[in-house]
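Novice:
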Amino acid sequence: MRNMRLFTSGFRYNPDMSNVIEPVLILGAGINGAAIARELAINGVPLRIVEQRDLASGTTAYSSRLIHGGLRYLEFGELDLVRESLAERTHWLQYAPDFVRPLRLLIPVTSRAGGFLAGARRFFGWKPRKAASEPRGLWMIRLGLRMYDWYAHDRTLPRHRVHRSDAIGMPAVDRRKYRWLCEFSDAQMLAPERFTVALLADARAAAAERGSLFELLTYHTAELQDKTAIVTSNRRDANDTSSVSKEIRWSPSAIINATGAWVDQTLAQIAPRESALKQRIAGTQGTHLLSWHPGLRQALGDFAFYGEADDGRPVFILPFGDATLIGTTDEPFSGNPDDARASQTEIEYLLATVNATLPSVKLSLADIGLHYCGVRPLPHTDATTTAAITRRHWLEEHQDCAVPTYSVIGGKLTTCRSLAQQTAQTLLETLQLPRVGSSQARPLPGAEQVAVVFDSAGCLNAASIESVRQLIADEWVTTLEDLVERRLMLHFDQRLSVRCLEQLAKRLVASCNLRDEQVGAAVASYRQRLAERFGRNV
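Residues 39 to 576 (this note's numbering) are what the sequence shown spells out, left to right.
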C-alpha cells in the first residue's frame, strides 16, 4: 500500500516500556497536526496520524506564508497573543533557518494623525461607527511599532524606522498620497508545505529515538464506534491498492481533531450527536494572487509592503522568489472548505490595492500568473467584523466522547509549535505520562524547497529526476498533485510545462503509485485542477 506507510527505520517497539499505551489518533496532517505529532513523538507517545487527503493540503497551503507577531492584534487588545507569536517567530528564526527568514516590511502612511478613535474602539471591543475606518496615521503606527519591538525582545532583528517616502533606497510608492514609510521586522516562510513535511519527518525520527510507534496514513478516513477507531482508505481509483487491504481497528488512548476548517465535519464522524451539533468554526475566506511581473518584483526590492485597503483591511505585497505574492482578503465563508475559490471581486480588490500603493507598475489581470484561496479555521464568535474575530487558538475537550477527545480551535503557522506544546501537556496529563522531551530547543532539519533544474525544452534534468525519486520514497507522496504542489511547489514556477508533468507522472509509475496507462489521464486531470483551482493554464 503506497499511501499507508509504517516507517520502521530505527523502529523498536518495546512492550516493556513503562509508558506503553494504545496509539493516540491524530486527525489531520496540516501544520497543527504535524506540530502536535512532533511534540508527542518527542515524548515517546505512540501515534497514528490520519489525513483524508495529502499533507498540508488544506489551509496550510493557502496561507500568506508569513511568520509574524500579529501587529494588528495589538489594536484588538490581544497582547498575550502578540507576545506568544513574537516568541515563536524568534524560535523559528533560530531553530528553522532553512524555512524561516527575516523580512523587512514597509507601511505606507498618509498623515500624522488619524485612526486613534477607530483604534481605541477596536482595542476595547466597541462597535465601529462606520464600515470604512479612517486610515491609520503616523503617530498611531509608531506607537504600535514601539510596542511591537518591545514585546519582541529580539536583538537579532533591527528595530522599526520611519522614512520619508522620497528617501533614497525606498520603493517608488505614490508619493502624492503617502508621505512616510514605516519600516519594521517580521519573517517569511516561503514553503509551509515543505515545513509540514519536515515536522513529520522529525516526528518520525523522534519516534525512532524513543522506540515508539509512528504511522502516517494519507488518503484515509477514520470513524469511531464506541471506543474503537476504524481507519479505511478513501481512494477508490483504479490504481488504489489499499482498498483490498483490511481496515485498521484499535482503541486509541486519545483522539486529537486537528482538521482545521474541517473540525465540525470531523466531529460529526467521531463525536456523539450532542457534541457534533455545536458550531465551533466560522472560517473566513482568504485569496492570494501571484504575479511574475518583473516591474512589480523590481519595485519591491528587498522589502515587502503591509498596506491598507480602502476599507481598512491589511493587504500584503510580498517578495516570493522571482515573483510577487499579494494577499489577502477576509470574507465570511460557509460550506465545504474544499469549495473555496477566488472570486473576481476579490482579485480586483487586491489589484486595486497594489496599484494604489505602487501606481507606476500598472498591474492588470493579465499580469496575474495564478491565484489561490483557502479558509481560515477561525472560531465561531459574535464578532461584528471578520477582522475582529480572534486569531487565538485553544484545545477544546469533548466530555461526551467514549475516549478522551480534543479539538484544536484556531491556530496559524507562527504558533503551531506553542499550540503543540500546550496540546501535548494536556494529553500527557490526561494519560498520566511524564514529559520527557520538548521541541523548545530542538532544531528542525530540512530544506525549504527541493532544487529542480529545467532544460531548454521544459524538462527536468537527470539530477532533478533522481531527487524526485528519492523524495517520493521518503516523503509520503501518492499523487501527481502531492508531488507538484506540496513537495516540489512547481505550480508556483513559471517554467512548469506539460512535458515536466509527464516526467513526474512517470516517476510515480516507477514508484508503483500510478500505472503506465494512467499517465495521460493523470496529467490531463492535473492540468484541469490547475485551471480550476489556481486559474493557471499549463
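Even for Gly, the Cβ is constructed at its ideal location relative to N, Cα and C.
Source: prediction; values computed, not measured.
With a cut-off of 8 Å on the beta carbons, I'd call residue 355 and residue 338 a contact; round off their distance for me.
Specialist: 7 Å
Novice: Can we say the stretch 485-500 touches the stretch 517-532, given the rule of at least three CB pairs closer than 8 Å?
Specialist: yes
Novice: Assuming residue 448 and residue 436 make a contact with CB atoms under 8 Å, what is their CB distance in whole Å?
Specialist: For residue 448 against residue 436, the beta-carbon gap comes to about 16 Å, at or over 8 Å, which does not count as contact.
Novice: Start and end of the beta strand (DSSP E) containing residue 504?
Specialist: Premise fails: residue 504 lies in the alpha helix (DSSP H), 500-512, not in any beta strand (DSSP E).
Novice: So does the stretch 347-361 actually touch the stretch 382-400, counting three or more Cβ pairs closer than 8 Å?
Specialist: yes
Novice: Can you give the Cα-Cα distance for residue 236 and residue 172, rounded to whole angstroms?
Specialist: 43 Å
Novice: Which complete alpha helix (DSSP H) runs does the stretch 81-148 hold, if anything under 4 residues is left out?
Specialist: Every unbroken stretch of the alpha helix (DSSP H) spanning 4 or more residues and falling wholly within the stretch 81-148 is given here in chain order: 117-133.
Novice: Measuring alpha carbon to alpha carbon, tell me which of 398, 412, 176 and 321 ends up nearest residue 372.
Specialist: Checking every option, the nearest Cα to that of residue 372 belongs to 321.
Novice: Three-state secondary structure (DSSP) at residue 191?
Specialist: coil
Novice: Between the stretch 101-116 and the stretch 260-270, can you find at least three pairs of beta-carbon atoms closer than 8 Å?
Specialist: no
Novice: With distances taken Cα to Cα, identify the nearest neighbour of residue 494 among 211, 439, 533 and 289.
Specialist: 533
Novice: According to the neighbour-count rule (16 or more other Cβ atoms, all chains shown, within 10 Å of its Cβ), is residue 170 buried or exposed?
Specialist: The pLDDT assigned to residue 170 is 49, lower than 50, so where the model puts this residue is not dependable, and the model offers no usable value.
Novice: Can you check DSSP and say which residues form a bridge with residue 371?
Specialist: Residue 371 pairs with nothing; no bridge assigned.
Novice: Could you pull out every residue in the same chain whose Cβ sits closer than 7 Å to the Cβ of residue 554, ignoring the five residues on either side in sequence?
Specialist: 547
Novice: If you follow the alpha helix (DSSP H) that residue 219 is in, where does it begin and where does it stop?
Specialist: Taken as a continuous stretch (DSSP letters only), residue 219 belongs to no alpha helix (DSSP H), being part of the beta strand (DSSP E) at 218-227.
Novice: Could you say which of 510, 477, 519 and 552 lies nearest to residue 133 if we only look at CA atoms?
Specialist: 477
Novice: Quick one: using the 10 Å Cβ neighbour count with 16 as the cut-off for buried, is residue 415 buried or exposed?
Specialist: buried
Novice: Per DSSP, which residues does residue 411 bridge with? Please list them.
Specialist: The partner list for residue 411 (beta bridge, DSSP) reads 325.
Novice: Rounded to whole angstroms, what is the Cα-Cα separation between residue 536 and residue 560?
Specialist: Separation of residue 536 and residue 560 (C-alpha to C-alpha, rounded to the nearest whole angstrom) is 11 Å.
Novice: Comparing the CB of residue 247 with every heavy atom of the ligand PLP, is any distance shorter than 7 Å?
Specialist: In the structure on display, the ligand PLP does not appear, and there are no ligands present to speak of.
Novice: Flag this pair as yes or no: are the beta carbons of residue 475 and residue 299 separated by less than 8 Å?
Specialist: no
Novice: Helix, strand or coil for residue 515 per DSSP?
Specialist: Reduced to three states, the DSSP call for residue 515 is coil.
Novice: Are the beta-carbon atoms belonging to residue 137 and residue 573 less than 8 Å from one another?
Specialist: no
Novice: If contact is defined by three or more beta carbon pairs under 8 Å, each pair taking one atom from either stretch, is the stretch 106-122 in contact with the stretch 220-233?
Specialist: yes
Novice: Name the DSSP bridge partner or partners of residue 391?
Specialist: Per the DSSP secondary-structure output, residue 391 pairs with nothing in a beta bridge.
Novice: Report back the beta-carbon spacing between residue 325 and residue 411 to the nearest angstrom; my notes put them in contact at under 8 Å.
Specialist: For residue 325 against residue 411, the beta-carbon gap comes to about 5 Å, under 8 Å, which counts as contact.
Novice: Output the distance between the C-alpha atoms of residue 457 and residue 564, rounded to the nearest integer angstrom.
Specialist: 34 Å
Novice: Note down the Cα distance separating residue 365 from residue 351, rounded to an integer number of angstroms.
Specialist: 11 Å
Novice: So, residue 445 versus residue 311, is the Cβ gap smaller than 8 Å?
Specialist: no
Novice: Quick one: residues in its chain with C-beta nearer than 8 Å to the C-beta of residue 162, no 5 flanking neighbours on either side, listed in chain order?
Specialist: With a pLDDT of 49 at residue 162, under the threshold of 50, the modelled position of this residue cannot be trusted; read the value that follows with caution. Same-chain partners within the cutoff: 115.
Novice: Secondary structure at residue 71, three-state DSSP: helix, strand or coil?
Specialist: helix
Novice: What residue from 334, 466, 427 and 243 has the CA that sits closest to residue 406's CA?
Specialist: Proximity to residue 406 across 334, 466, 427 and 243 peaks at 334, based on C-alpha coordinates.
Novice: By alpha-carbon positions, which one of 216, 197, 472 and 61 ends up nearest to residue 396?
Specialist: Put simply, of 216, 197, 472 and 61 the residue whose alpha carbon is nearest the alpha carbon of residue 396 is 216.
Novice: Alpha carbon to alpha carbon, what distance is there between residue 522 and residue 278?
Specialist: The predicted position of residue 278 is uncertain, since its pLDDT is 49 and thus under 50; no value can be drawn from it.
Novice: Three-state secondary structure (DSSP) at residue 201?
Specialist: strand
Novice: Within 10 angstroms of the Cβ of residue 196, are there 16 or more other Cβ atoms? Answer buried if so, exposed if not.
Specialist: The Cβ neighbour count for residue 196, taken over all protein chains shown within 10 Å, is under 16; the residue is labelled exposed.
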